[in-house]
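First comes the structure, then the notes that go with it.
Numbering (my numbering), first residue to last: 1 to 233.
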């Protein structure tokens, strides 16, 4: 069974904790805790050591983790060749797959491969890539992911200068008339979520601020959800 990201609300903040910040030695336990804490979906950062300077998780990891979770798997492919790997991740538990417009494969071919594999589709842009880069594909997407850090490592500081891009994407989505989620990833915590929501992002990826929150995961997730009142329509 595939979970459908299109069914998640657009009019309130949804929280996608990044398991890159979880304890890999107690992954199932951390996933159970963040689920009880109120996470709406789970963010899986896949890095190949080529597109970004880090290696993280592969298909076998998703397959084993899938058995331990009932959350939607929001899978972010930070890899050079998503056309080859996207179907493999879909077969191993991904529900939604986001890939980068800066990757080496033809974007439309990747979109079609993800659809054919039974997943919803997102596209992401690095901080230096303009919003206009996704304009040709807007009618084919279920989600847009804005990186508010340089992709590759968790725990980085929030890049405030990316909020103009978030606002531009929100305007593009509104003009399209399509229900496209606008997700942001990088440095999201209980303060920066307010800025991101006011700019128009409705889906928040948060790693360190959730899994390592001093007052616990439930308080951290609730703090992110609380920014729903600031969400720009």
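Think of the CB as a built atom: it goes at the ideal place given N, C-alpha and C, for glycine as much as any other residue. Fair warning: this is a prediction, and the values are worked out from it, not measured in the lab.
Query: Determine the DSSP secondary structure at residue 255, reduced to helix, strand or coil.; Result: Past the boundaries of the shown model lies residue 255; the chain is included only from 1 to 233, so the question cannot be answered.
Query: Would you decide whether residue 187 is buried or exposed? Buried here means 16 or more other CB atoms lie within 10 Å of its CB.; Result: buried
Query: State the Cα-Cα distance for the pair residue 76 and residue 44, rounded to the nearest angstrom.; Result: 6 Å
Query: My understanding is that residue 146 touches residue 198, with C-beta atoms under 8 Å, so please give their C-beta distance in whole angstroms.; Result: With a Cβ gap of about 14 Å, residue 146 and residue 198 do not count as contacting.
Query: Verify whether the separation of the beta carbon atoms of residue 40 and residue 16 is less than 8 Å.; Result: yes
Query: What is the C-beta distance between residue 83 and residue 110, in whole angstroms, given that I count them as a contact (C-beta under 8 Å)?; Result: 5 Å
Query: Taking a contact to mean a Cβ-Cβ separation below 8 Å, would you say residue 51 touches residue 80 in this structure?; Result: yes
Query: Which partner residues does residue 204 have in the DSSP bridge list?; Result: 15, 184
Query: With distances taken from CA atoms, which of 119, 127, 90, 130 is nearest residue 5?; Result: 119
Query: Between the Cα of residue 132 and the Cα atoms of 88, 106, 116, 166, which residue gives the shortest distance?; Result: 166
Query: Could you tell me how far apart the beta carbons of residue 89 and residue 46 are, in whole angstroms, since I believe they sit closer than 8 Å?; Result: 7 Å
Query: Are the CB atoms of residue 37 and residue 217 nearer to each other than 8 Å?; Result: yes
Query: Taking the alpha carbon of residue 54 as the reference point, which residue from 227, 150, 25 has its own alpha carbon closest?; Result: 150
Query: My parser needs the beta strand (DSSP E) runs of 3 or more residues fully inside the stretch 20 to 103; what are they?; Result: 42 to 47, 73 to 78, 96 to 100
Query: Which residues bound the alpha helix (DSSP H) around residue 123?; Result: Where residue 123 is concerned, there is no enclosing alpha helix (DSSP H), although the beta strand (DSSP E) it sits in stretches over 120 to 125.
Query: With distance defined between alpha-carbon atoms, name the residue in 211, 94, 25, 121 nearest to residue 107.; Result: 121
Query: How about the stretch 90 to 106 and the stretch 15 to 31: do they share at least three Cβ pairs that are nearer than 8 Å?; Result: no
Query: Considering only DSSP beta bridges, list what residue 230 is partnered with.; Result: DSSP output for residue 230 lists no bridge partner at all.
Query: Would you please state the rounded distance, in angstroms, between the beta carbons of residue 225 and residue 13? I believe it to be under 8 Å.; Result: 5 Å
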